[in-house]
Each structure stands twice: as C-alpha cells, then as structure tokens.
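Here the structure comes first, spelled out in structure tokens, and everything after it is commentary.
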Amino acid sequence: MNQTEVPKYDLVVVGAGPAGLTAAIYTTREDIKTLVFERGVVGGLAAVTDKIDNYPGFPDGVAGLKLADDLRLQAERFGTEIELGEVTAIADEGTYKRLSTTSGDILSKAVLVATGSDYKKIGVPGEQEYYARGVHYCATCDGAFYRDKRLVVIGGGNSAFQETIFLTRYASHIDLLVRSTIKASDVLQKEMETYIKAAKVTVHTNTATEKIVGNANGVTEVLARQADKSLSFKTDGVFVFVGLTPNSQFLKNTLVRLDSIGFILTDDHMQTTMPGIFAAGDVRSGATMQIASAAGEGATAALKIREYLEGRPLPIQDEA
Amino acid sequence: MTKNVTIFTTNTCAYCQMVKKYLGAKGVGYEEVNLDEHPDRQAEAMRLSGTMTVPVTVVTKQDETQEVIIGYNLARLAPAVAA
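If you're matching them up, the sequences are chains Y and E in order.
Residues in the first sequence are numbered consecutively from 1, following this note's numbering.
Residues in the second sequence are numbered consecutively from 1001, following this note's numbering.
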C-alpha cells in the first residue's frame, strides 16, 4: 500500500469498550471522522460480564452483552466505523500518527488508547496446562460446561463475587478461594449470603491457591494453603478473577509513558506523554476500573481531543 | 472452498456474538448450536475442540476436511472462511 492509499482519520480509537465507544459517540456526533479498532469483543470486559448493577440508568441492572450492544449501536448511529483487528504499533509523523494494524497502515491526527485490561493469571502450576480444559477466565462463555458440577472460583473482588453468583446457575457447589480478605462490595457480599445459606457457595478467606491438579480429562482438584494448613478442593473446573492487567504492550516502544505495572500515565486532559495520543478507561493509570468511570473518561477524552484537533494544544502536565 | 460452518455458542457468550457478527458481515452462512438449548451436544463441542469453551467454530471444506477454531480468533477465522 503506498502513501496515497493510506486511510486518514481525525481520530482512531483503539479499543471498543465503554471508554472507547463513549468517546466515539461524542466525536462522531461532532463530525470528527472516527475509526474504532477492536481486537477482541466490542464492549470489552463489560460485554463478558453477566450482569452490571452499578451503571446508572438501569434500575434493574443490565446484561453486559446488552449494554455493549447498545453502546455500539449508539456509536454507529452517529457514524462511528468499527474495524475488527489489532493495532500493533504507533509512530509519530508530525500532524499524523501512523498506526500499524492487522488491516494495514492508518493515519490519524489523534489517537485514543482505550484498550482496557484483561483478567490476570495467578501463575500457579497447572493454570496454563489446563487453560480452557478446566481453567477459565470467562464465566459467561464457559460456565455452561459445568452443569451440576463442582467448581472453584479464585478471587475476592467484585468480579469474583459477581461471576460466582452467575456460575451458581450451573454448578452444584462452588468453593470461592480468597487469598486474603474480601474486597467485593457490600451489596455483592450481601447477595452472596443467599448462596452461602443455600450451601451453593463456600467462601474460604486467607486461602492462597498453590496448584491446579488434573488428568487427561481435565481438572480434578485445587491445592491451597491457609496459614500453615494445606488444603485440597475437589473440583471439575476453576474460574480465575484476580484482578486486571493493562493492554498496553503495543505502546512499549513509543513515547507514551507507562507506570510500573504497564498502565498509561496521563494528565487531567487524558493526554499521554506523546502529543496527540490520549488514553481513557481501564488502561489508564489511576482508573477506578468502573464502567461508569470509563464512560466518563471517554467523554472527557473526546472533548479534549476536539480541542487538540482544533489546534489548541493541551499543555502536558507534570502528572503525565 | 468452504462447504459449511458450525458454531457452538452459549446465550451469554460475547465472543460468540463476535464470531456470528464477523461471519454475517462476510456473508458466510452458518449453523449455530446453542449449548444452553442443546446441552446434549456439549460432548461434541468438547470432542471437536479438545476444550470446554465457546465459541467453537468448525469450518468444513468441500473435501470434507475440517478446521476447528477456538474462541474469537480473527487471525484464524478470517482465512478459514475466506478460502
């Protein structure tokens, strides 16, 4: 593809989660030519979450898949283009940034990185070996394989609690292993009490997973440690929800500064240390990992990107 | 040439929606086996993929050879249905 054939945009949004799609709603509504790139699922982690109870405007909660689809439809209504593929590198060429993608090069005046985060792995023996054969990271995808079977869920935050509750519709019993103390919200803990009382779920705090054991047919048990006690949990499968890791690897050779974990540093304008590159949502250092916050950050980024495109360069602040 | 495509899905699987959307956008017809509605076909999905996950997309070619694609994997799905 030669230079003249490279498509040009005002804004390329990398990632079609709540932050990216919200930004696209704002920018396309103001006729800023916007392309959204998504390598995975439109809606991001929100789309694979069973039920979202704390996003404003849904008194009875909303299925993650439904929220994701509605965000997409809203963005497309204003003219957002969504391309399924991956951005692998970004280079600064002055007015335009050149994005290398799986569909070829693209030039864009501004870029919003809204790639979010993925669920972390726990890094114990057996985790990789039994991946998708007993070890899973998506309850809404793989829970159906565990009808009337025993499960172990690992994690103590909101995701672990929410997904455990979802999995009770399939599993006969779930052992929830929490490495230290419970971090899930009071609301989720209260909801969980119903399942504990019904003997569907047993919560084990201060219980560190040490090994996932199995055979040719899949996972059979999880070995764990509780203080000086070794424990064994017989199970047919394991679901892991132990926090998030940022999707920022493709920025490693750019001027975009990352924090020690890999989250993107920005200033109050959502601007990164590379002029014209903005970041919003779960991939941003300091993000609250909430869908409502991601949407808000997407809106803020869109407004600041508009100023940038209008030729009002935003000062890079010390925080970035 | 592709003869037929079968996708094993569940009701709540977002990645399954992505596979269906991709095939729809490319004009590729497919049969969907929803494992929430047909749990009796779980073993078939597991046998074909060697995993307990969805989506599982089975692309059968004219010569009856099969390509099995696990998850929403565009790098494998796109060429498999393009041929």
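A virtual CB, placed ideally from N, CA and C, is assigned to each residue, including glycine.
All of these numbers come straight from a predicted model, not from anything done at the bench.
Query	Result
Beta-carbon proximity of methionine 1018 of chain E to glycine 134 of chain Y, cut-off 8 Å	no
Within 7 Å of chain Y by C-beta, residues of the segment 1012-1045 of chain E in sequence order	Thr1012, Cys1013, Ala1014, Tyr1015, Gln1017, Met1018, Tyr1022, Leu1035, Asp1036, Pro1039, Gln1042
Neighbourhood of tyrosine 9 of chain Y by C-beta, 6 Å cutoff - its chain only, sequence neighbours within 5 removed	Lys33, Leu35, Ser108
Residue from Y/Gly17, Y/Thr28, Y/Glu191, Y/Asp70 with nearest C-alpha to glycine 305 of chain Y	First, the amino acid is wrong: residue 305 of chain Y is isoleucine here, not glycine. Looking at the Cα atoms, Y/Thr28 is the closest of the given residues.
Whole alpha helix (DSSP H) elements within the segment 33-115 of chain Y, 4-residue minimum	64-77
Cβ-Cβ distance between alanine 292 of chain Y and tyrosine 131 of chain Y below 8 Å	no
Cβ separation of valine 153 of chain Y and phenylalanine 239 of chain Y, assumed to be a contact under 8 Å, to the nearest whole Å	5 Å
Heavy atom of the ligand HEM within 7 Å of tyrosine 137 of chain Y beta-carbon	Because no ligand of any kind appears in the structure shown, any question about the ligand HEM cannot be addressed here.
Residues bridged to isoleucine 1007 of chain E [DSSP beta-bridge criterion]	E/Glu1032, E/Thr1057
Extent of the continuous beta strand (DSSP E) to which alanine 279 of chain Y belongs	277-279
CB contact check: phenylalanine 263 of chain Y to chain E, cutoff 8 Å	no
Three-state class that DSSP yields for alanine 198 of chain Y in the structure shown	coil
Beta-carbon proximity list for valine 203 of chain Y, same chain, < 6 Å, skipping 5 on both sides	Leu176
C-beta contact flag for phenylalanine 37 of chain Y and glycine 85 of chain Y at 8 Å	yes
Residue from Y/Leu21, Y/Met274, Y/Thr49 with nearest C-alpha to asparagine 158 of chain Y	Y/Thr49
Alpha carbon of aspartate 118 of chain Y to alpha carbon of tyrosine 96 of chain Y, nearest angstrom	29 Å
Contacts that histidine 136 of chain Y makes with chain E (C-beta to C-beta distance below 8 Å)	Met1052, Thr1053
For serine 103 of chain Y and threonine 88 of chain Y, believed in contact at Cβ under 8 Å, the rounded distance	Wrong, their Cβ atoms sit about 11 Å apart, outside the cutoff.
Under 8 Å between C-beta atoms of alanine 19 of chain Y and glycine 281 of chain Y	yes
Cβ neighbour criterion (16 or more within 10 Å) applied to histidine 1038 of chain E	exposed
C-alpha gap between arginine 1041 of chain E and asparagine 1034 of chain E, whole angstroms	9 Å
The segment 1006-1024 of chain E contacting the segment 1052-1065 of chain E, beta-carbon criterion three pairs below 8 Å	yes
Interface positions of the segment 31-60 of chain Y facing chain E (Cβ-Cβ less than 8 Å), listed along the chain	Arg39, Gly40, Val41, Val42, Gly43, Ala47, Val48, Asp50
Continuous beta strand (DSSP E) assignments of at least 3 residues falling wholly in the segment 180-253 of chain Y	201-204, 208-215, 218-226, 229-234, 237-240, 244-246
Cross-chain neighbours of alanine 68 of chain Y in chain E, by beta carbon under 8 Å	Ala1014
Within chain E, the residues that aspartate 142 of chain Y reaches when beta carbons sit closer than 9 Å	Thr1010, Cys1013, Thr1051, Met1052, Thr1053, Val1054
Cβ-based neighbour list, glutamine 226 of chain Y, same chain, cut-off 8 Å, excluding 5 preceding and 5 following	His204, Asn206, Thr207, Ala208
Contact check, alanine 23 of chain Y vs glycine 298 of chain Y, beta carbons under 8 Å	yes
Chain E residues whose Cβ lies nearer than 7 Å to that of phenylalanine 145 of chain Y	Gln1042, Met1052
Same chain only: Cβ atoms within 7 Å of glycine 126 of chain Y, ignoring 5 sequence neighbours per side	Lys211, Ile212, Val213, Gly214
The beta strand (DSSP E) enclosing glutamate 960 of chain E, as first and last residue numbers	A question about residue 960 of chain E goes unanswered here, because the residues of chain E that appear run from 1001 up to 1083.
Which residues DSSP lists as bridging serine 117 of chain Y, in chain order	Y/Pro246
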